[in-house]
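What the sequence shown shows, in the numbering used here, is residues 3 to 251, in sequence order.
Don't be surprised by glycine CBs; every beta carbon is placed ideally from N, CA and C.
Note that the structure is predicted; figures quoted are calculated from it, not measured.
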Amino acid sequence: MQRKKKVGYATAAIIVLLVLLGYLLFRDSSDALWKTVTEKCVPSQQQGSPAPCLAVNSHNQSALLKDRNGPHHDLLIPTEKITGIESPALQQHNIPAFFAAAWEARKHLSDEAGKTLPDDILVLAVNSRYSRTQEQLHIHISCLRPEAYQTLREQGSSLSTDWQPLGEELRGHRYLAKKLTSQDLTRDDPFKELYAYVQRQGDSIDNYGLALTVTPDGEKLLLANRGVRFGFNRGSTSELIDPQCSLAR
């Protein structure tokens, strides 16, 4: 009996240590983007070069970093600490327009491709609190997956400036969609647009992933994917991106 107790205590101790180790490793890796920007890109920019970032913009307080996943995939990252889509800072009136900055930065994808990429094949994406791997806000800048592009082309004419369910699923998930009333992402900040809707629903923005693309007619279109923290759909919108940019071929 005594031996069984000792084995039980030892097993419990090992489990606790493994959980603690896992937490410490995750915490360290989840700060990777933040450390890259603040410990490398910003100091390097002060010396005249933003490396390893592509750019550091003090005006909109953001850095542009090439993502390791795919040749046509960049990240727009605030240079101030903003954890993610749920951060109250994103609802302040004087916050930089990060979606506007990310949309402006899409030009780098064309530079990489060696030709101008049409706006309607591009997408900006922010994952929900429960589907991201980094504890620093970052906006994915890439191309749409071909099947998502086709669905949005087919559904675009039925959408309005009010949030509504998309007629067909994207990547097996039911998205919400709305057209913006203007082309000005500083005035119509996507983070604030989604937050206002979520508040009316009595919901939490933590659960939502948010994306932006453009219709063939040039109208800016918001997409939101509501996830469930412990479900199969955890609110990813980066699931819509194709870093290989097949549509540009």
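If you ignore the 5 residues before and after proline 245, its C-beta comes within less than 6 Å of the C-beta of Asn71, Gly72, His74, His75 and Ser144, all in its own chain and listed in chain order. At the C-beta level, asparagine 129 and glycine 233 stay beyond 9 Å of one another. In this structure, the beta-carbon distance from threonine 85 to threonine 40 does not fall below 9 Å.
Take the alpha-carbon of histidine 140 and the one of alanine 99: they are about 13 Å apart. Counting every other CB atom within 10 Å of its CB across the protein chains shown gives aspartate 205 a total below 16, marking it as exposed. Every unbroken stretch of the beta strand (DSSP E) spanning 3 or more residues and falling wholly within the stretch 68-129 is given here in chain order: 75-80 and 124-128.
In the DSSP assignment, threonine 38 falls within the unbroken alpha helix (DSSP H) covering 34-38.
For tyrosine 177, the uninterrupted beta strand (DSSP E) segment begins and ends at 177-181. About 18 Å separates the CB atoms of alanine 213 and threonine 188; that is not less than 8 Å, and the two are not in contact.
Collapsing the DSSP output to three states places valine 230 in coil.
Of the residues assessed, threonine 153 falls on the buried side of the cut-off, its CB having 16 or more other CB atoms within 10 angstroms.
In the structure shown, tyrosine 210 adopts extended strand secondary structure according to DSSP, grouped into three states.
For alanine 150, same chain residues with a beta-carbon under 6 Å away, outside a window of 5 residues either side, are Leu172 and Leu242 in chain order. In the structure shown, the three-state DSSP call for threonine 135 is coil. Along the length of the stretch 146-193, whole beta strand (DSSP E) runs at least 3 residues long occupy 177-181, reported in chain order. The beta carbon of glycine 158 sits closer than 6 Å to the beta carbons of Thr217 from its chain, once the five residues preceding and following it are set aside; these are given in chain order. According to the DSSP assignment, serine 46 belongs to the alpha helix (DSSP H) that extends over 44-48.
In the three-state reduction of the DSSP assignment, leucine 56 falls in the coil class, being assigned neither a helical nor a strand state. Beta-bridge pairing by DSSP links leucine 225 to Ala179 and Ala213.
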